[in-house]
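Novice:
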DNA sequence: CCCTAACCGAGACGGTACGTCGTGTCTTCTG
DNA sequence: CAGAAGACACGACGTACCGTCTCGGTTAGGG
């Protein structure tokens, strides 16, 4: 009801500053000293809140905006997935967020705390949202009763991450459509499946 | 024809030392100083050969062994893919190689040189090998003429990397089988696709 | 008239704590934070009373005890001086007071406030006491009318401080006797002075 | 014969810089960071040579000049002592050297390394020089055979240090003369000594 | 006897400096 | 004469205190 508490102000100032700097020089060259200096804050004030650069960065990235990646429900599961995948590709594979997200995942590879926090705060909610939408579709009969929702999610997500992190090929709308078509129309090895 | 040249010895000594140290303390805590000291080599001798820690590490990891991930051809494309995917999962997602491979990919996220070298020296050959095997299968009529080989490769690889890098769920034989079944038996959403 | 006021209690608690800590870790490693923490007192409560660590320390040392260095008057000026000098050497050049006193003088070298307070609160009273005793002796005819009292005091004190602060040689009873003998029997360079 | 070695240059640069800074801001506010920055040198380069600010400062002060406090020998011991004491008072009790010397002695009060080095490198040589001059005088019959040389030195030095370090009274030529007169003419307690 | 202003503990805060580590370059000296 | 050894300038680390500044929670005295 009343004004935001003093310490909260600093927390947000620091995260915003960290994000700004990360956007300017990249996560690798981000330094606690620079964040402290630009934020007009003592280093202790940062270390009191985050034990490492990695977790500050994670917090800064994940707190900075609402992802806008919630699933709509137009009644057409394929259209809805297409919509969210497109938005995700636009957001996470393009500047300014793309490099930050890549760095976050890069850091997670050798930092269990970051890996855990990233999973808990971003991957799992996003996964749960997708699975919920798929579940509704299955209940509405748009998907077969034995449709493997978990696997479907990974088949849709995996290739996108593969392109983002490994081959760095662009993730186009056409590619998303190919993926969706393969998943929902079946990728039968023979001309006439079944 | 005669004994290996002196400088080659050093190159290999350094790479082996770097690899040993990386296995002991992890890539993040690997230092050029430590490599030089343990290898009994001047730091310049390292910098003369590699421009950065990242590329030395990449070289050390990729040169250290033959991957053994070439595709067999038993005539059964699914069995052959299953075999290679299992071997890859065993090799790349488990200690001692798993963490190193993860670190390599992590480093690639903010280091274009590493990303390029990793692609060129590991990902692309591996991709080409798989695609070649798939092409043979298509020519033998095991796959439909319009079967999207590139996409198939990414649908098989993507989810494995997703689990390795993002969710850190285990990559079991059962999971590989689920993936292969989905891809080759089709994942029709409705009982009677099309 | 009634019980000591609350704030006085704190003042003494703080000084006592400062003294304890100084005895344990030395003045150089004494910190206001540590004093506050051990005294169970806020830092402001200390700063409200003393403007700096140095002046708190000075207060703590000088308030902690009565020196017991007042001059007796047995009628024998030499014996009386000998007595006081011995007591001073025992007190100020030996643990636990010696190191504290040395630190105080050390601090005074670059802190005019400490230098002034030390002079005013310890050195000058002590000097005045000695000079008063010498004056009585002169009036009693034990000393020549033109005996230079001020200089005599400095000749007695200077060498003691020289040993305490500079050469760190022990100040023995024998040394004090040598000093007194030199001063009162004369240190004639030639067999027959003048 | 050939040019000064590189590392020697840095050693001297650092000492000179430390001395300059000490003259500007005083020893208490001298910081290793500031020395390094102004000398254009990494902090490690300083720490490789001196383990602490105190020892760097000591080295800087003691190496910076020849004291010029060697004893002349005009044949008149009193005149020679007077000469050296005057020069010492001018040098050590006046800016710019006075404050530095005071700080050095101040630091020595809680730093045994500094105390030892100061004694060994400055006090003892100076003492030895004075005693040698006194010894010559005694051999020439200017001083009585039982003249206590060591004590004489301390009676001459002690009061000067007492004024410098404790009471901060000025050390005038007149004061030096009073001291010398007292020592050599005798300070008889009675009107007619002996 | 309650109210209220002063005081207090606790410790966050912006700073400064510490002493250490690793980087990539540059020197020195040796086998 | 190449290479080990390591010095070097630099930048960042994470820590310790400084002296100032909130923040609530007493606490005692005056109404």
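Protein chains in written order, with the working numbering: chain C, -16 to 177; chain Y, -16 to 177; chain D, -16 to 177; chain L, -16 to 177. Each residue gets a CB set at the ideal place from its N, CA and C atoms; glycine is no exception.
#1: Under a CB-based cut-off of 8 Å, is residue 137(Y) close to chain C?
#2: Given that a residue counts as buried once 16 or more other Cβ atoms are within 10 Å of its Cβ, and exposed if not, what is residue 92(C)?
#3: With a threshold of 8 Å between beta-carbons, can residue 93(C) be considered close to chain Y, or not?
#4: Does residue 156(L) come within less than 8 Å of chain D when only Cβ atoms are used?
#5: When the cut-off is 8 Å and only beta carbons count, does residue 9(L) lie next to chain D?
#6: In whole angstroms, give me the CA-to-CA distance for residue 51(L) and residue 31(D).
#7: For the stretch 113 to 144 of chain D, enumerate the residues whose C-beta is nearer than 8 Å to any C-beta of chain L, in chain order.
#8: Suppose you measure from the CA of residue 66(C) to the CA of residue 146(C); what does that come to, to the nearest Å?
#9: Using a Cβ-Cβ cutoff of less than 8 Å, which residues in the same chain neighbour residue 164(D) once the five nearest sequence positions on both sides are dropped?
#10: Residue range of the alpha helix (DSSP H) that residue 63(D) falls in?
#11: Between residue 89(Y) and chain C, is there a C-beta pair that is closer than 8 Å?
#12: Within the same chain, show all residues whose beta-carbon is closer than 8 Å to that of residue 86(Y), passing over the 5 residues directly before and after it, in chain order.
#13: Just to confirm, is the Cβ distance from residue 68(C) to residue 159(C) under 8 Å?
#14: State buried or exposed for residue 116(L), treating a residue as buried only when at least 16 other CB atoms are found within 10 Å of its CB.
#15: Can you grab the Cα-Cα spacing for the pair residue 59(C) / residue 53(C), in whole Å?
#16: Any idea what DSSP makes of residue 36(C), helix, strand or coil?
#17: Kindly list the residues whose CB is nearer than 7 Å to the CB of residue 118(Y), restricted to its own chain and excluding five residues on each side of it in sequence; keep chain order.
#18: Leaving aside the five residues before and after residue 16(D) along the sequence, list all residues of the same chain whose C-beta is less than 8 Å from its C-beta, in chain order.
#19: Looking only at its own chain, which residues have a Cβ that is under 8 Å from the Cβ of residue 154(D), when we skip the five neighbours before and after it?
#20: Going by C-alpha distance, which of 46(C), 125(C), 126(C), 138(C) is nearest residue 83(C)?
#21: Looking at chain L, is there any beta carbon in it that lies within less than 8 Å of the beta carbon of residue 151(D)?
#22: Any idea what DSSP makes of residue 130(C), helix, strand or coil?
#23: Would residue 71(Y) pass as an interface residue toward chain C - the criterion being a Cβ-Cβ separation below 8 Å?
#24: From this set, 161(D), 3(D), 124(D), which residue's C-alpha is nearest residue 138(L)'s C-alpha?
#25: So, helix, strand or coil for residue 11(Y), using DSSP?
#26: Name the two residues that bound the continuous alpha helix (DSSP H) containing residue 97(Y).
#27: Using a cut-off of 7 Å between C-beta atoms, extract the partners of residue 49(D) located in chain L.
#28: Among residues of its own chain, excluding the 5 on either side of residue 112(C), which ones have a beta-carbon nearer than 8 Å to its beta-carbon?
#29: Count the other CB atoms within 10 Å of the CB of residue -14(D); is the residue buried (16 or more) or exposed (fewer)?
#30: Just to confirm before moving on: does the CB-CB distance between residue 24(L) and residue -7(L) stay below 8 Å?
#31: In the structure shown, what three-state DSSP assignment does residue 153(Y) receive?
#32: Residue 148(D) versus chain L: which residues are under 8 Å apart at the beta carbon?
#33: Helix, strand or coil: how does DSSP classify residue 108(C) here?
#34: Should residue -3(C) be flagged as near chain Y, meaning a C-beta pair shorter than 8 Å?
#35: Which first and last residues belong to the alpha helix (DSSP H) in which residue 83(D) is found?
Specialist: Answer, in terms of the structure:
#1: Mapped onto the second chain, residue 137(Y) falls at position 154. Yes - at least one Cβ of chain C is within 8 Å of the one on residue 137(Y).
#2: As a working mapping, residue 92(C) is identified with position 109 in the first chain. Counting Cβ neighbours within 10 Å, residue 92(C) comes out buried, since at least 16 surround it.
#3: To locate residue 93(C), count along the first chain from 1; it is residue 110. Cβ-Cβ to chain Y under 8 Å: yes for residue 93(C).
#4: In the fourth chain, the residue the question calls residue 156(L) occupies position 173. No, residue 156(L) does not count as interfacial toward chain D.
#5: Taking the fourth chain and counting its residues from 1, the one referred to as residue 9(L) is at position 26. At least one chain D Cβ lies under 8 Å of residue 9(L).
#6: Working through the fourth chain from its first residue, we reach residue 51(L) at position 68. Working through the third chain from its first residue, we reach residue 31(D) at position 48. If I take the Cα positions, the gap works out to 48 Å.
#7: Listed by position, the residues of the stretch 113 to 144 of chain D near chain L (Cβ gap below 8 Å) are 125, 126, 127, 128, 130, 131, 134, 135, 137, 138, 140, 141, 142, 143, 144.
#8: For the purposes of this step, residue 66(C) is identified with residue 83 of the first chain, where counting begins at 1. For the purposes of this step, residue 146(C) is identified with residue 163 of the first chain, where counting begins at 1. Cα-Cα distance, rounded: 19 Å.
#9: In the third chain, the residue the question calls residue 164(D) occupies position 181. Taking residue 164(D) as the centre and dropping the five residues before and after it, the same chain places no C-beta closer than 8 Å to its C-beta.
#10: Taking the third chain and counting its residues from 1, one reaches residue 63(D) at position 80. It spans 60 to 75 - the alpha helix (DSSP H) in which residue 63(D) sits, taken as one unbroken run.
#11: Within the second chain, residue 89(Y) is the residue found at index 106, counting from 1. Yes - at least one Cβ of chain C is within 8 Å of the one on residue 89(Y).
#12: What you label residue 86(Y) is simply residue 103 of the second chain in a count that begins at 1. Counting only Cβ-Cβ distances below 8 Å, and skipping sequence neighbours, we find 5, 9, 10, 11, 40.
#13: Translated into the one-based positions of the first chain, residue 68(C) becomes position 85. Translated into the one-based positions of the first chain, residue 159(C) becomes position 176. Result yes, Cβ atoms of residue 68(C) and residue 159(C) sit closer than 8 Å.
#14: Within the fourth chain, residue 116(L) is the residue found at index 133, counting from 1. Buried is the call here.
#15: The residue given as residue 59(C) occupies position 76 in the first chain. The residue given as residue 53(C) occupies position 70 in the first chain. Distance between the alpha carbons of residue 59(C) and residue 53(C) is about 15 Å.
#16: Against the first chain, residue 36(C) aligns to sequence position 53. Assigned with DSSP and collapsed to three states, residue 36(C) falls in helix.
#17: Looking up residue 118(Y) in the second chain gives position 135. Apart from sequence neighbours up to five positions away, the residues of its chain that approach residue 118(Y) with a beta-carbon distance below 7 Å are 132, ordered along the chain.
#18: Working through the third chain from its first residue, we reach residue 16(D) at position 33. Cβ neighbours of residue 16(D) beyond the five flanking positions: 26.
#19: Counting from one through the third chain, the residue named residue 154(D) turns up at place 171. For residue 154(D), same chain residues with a beta-carbon under 8 Å away, outside a window of 5 residues either side, are 72, 76, 143, 146, 147 in chain order.
#20: Stepping through the first chain from its first residue, residue 83(C) is reached at position 100. It is 46(C).
#21: For the purposes of this step, residue 151(D) is taken as residue 168 along the third chain, with counting starting at 1. At least one CB atom of chain L sits nearer than 8 Å to the CB of residue 151(D).
#22: The residue you call residue 130(C) lines up with position 147 of the first chain. Residue 130(C) falls in the coil class under three-state DSSP.
#23: Counting from 1 along the second chain, the entry for residue 71(Y) is found at position 88. Not an interface residue.
#24: Here residue 138(L) refers to the residue found at position 155 of the fourth chain. The shortest Cα separation from residue 138(L) among 161(D), 3(D), 124(D) belongs to 161(D).
#25: Taking the second chain and counting its residues from 1, one reaches residue 11(Y) at position 28. For residue 11(Y), the secondary structure class from DSSP, reduced to helix, strand or coil, is coil.
#26: The residue labelled residue 97(Y) in the question sits at position 114 within the second chain. Here the alpha helix (DSSP H) through residue 97(Y) covers 95 to 101.
#27: On the third chain, residue 49(D) is found 66 positions in, with the first residue counted as 1. Chain-ordered listing is empty here: chain L has no CB closer than 7 Å to the CB of residue 49(D), the nearest sitting near 21 Å.
#28: Translated into positions along the first chain, residue 112(C) becomes position 129. Excluding the 5 residues flanking it on each side, residue 112(C) has same chain C-beta neighbours closer than 8 Å at 52, 53, 54, in chain order.
#29: As a working mapping, residue -14(D) is identified with position 3 in the third chain. For residue -14(D), the predicted structure reports a pLDDT of 35, less than 50, and the residue's modelled location is therefore unreliable. The matter cannot be settled from this model.
#30: To locate residue 24(L), count along the fourth chain from 1; it is residue 41. To locate residue -7(L), count along the fourth chain from 1; it is residue 10. For residue 24(L) and residue -7(L), yes; Cβs fall inside 8 Å.
#31: Here residue 153(Y) corresponds to residue number 170 of the second chain, with the count starting at 1. When DSSP states are grouped into helix, strand and coil, residue 153(Y) belongs to the coil group.
#32: Sequence index remark: in the third chain, residue 148(D) carries index 165 (1-based). The contacting residues are 88, 91, 92, 144, 148.
#33: Looking up residue 108(C) in the first chain gives position 125. Helix.
#34: For the purposes of this step, residue -3(C) is taken as the residue at position 14 of the first chain. Put simply, the CB of residue -3(C) is far from chain Y, with every gap to its CB atoms at 8 Å or more.
#35: Residue 83(D) sits at position 100 when you count from the first residue of the third chain. Start and end: 80 to 91.
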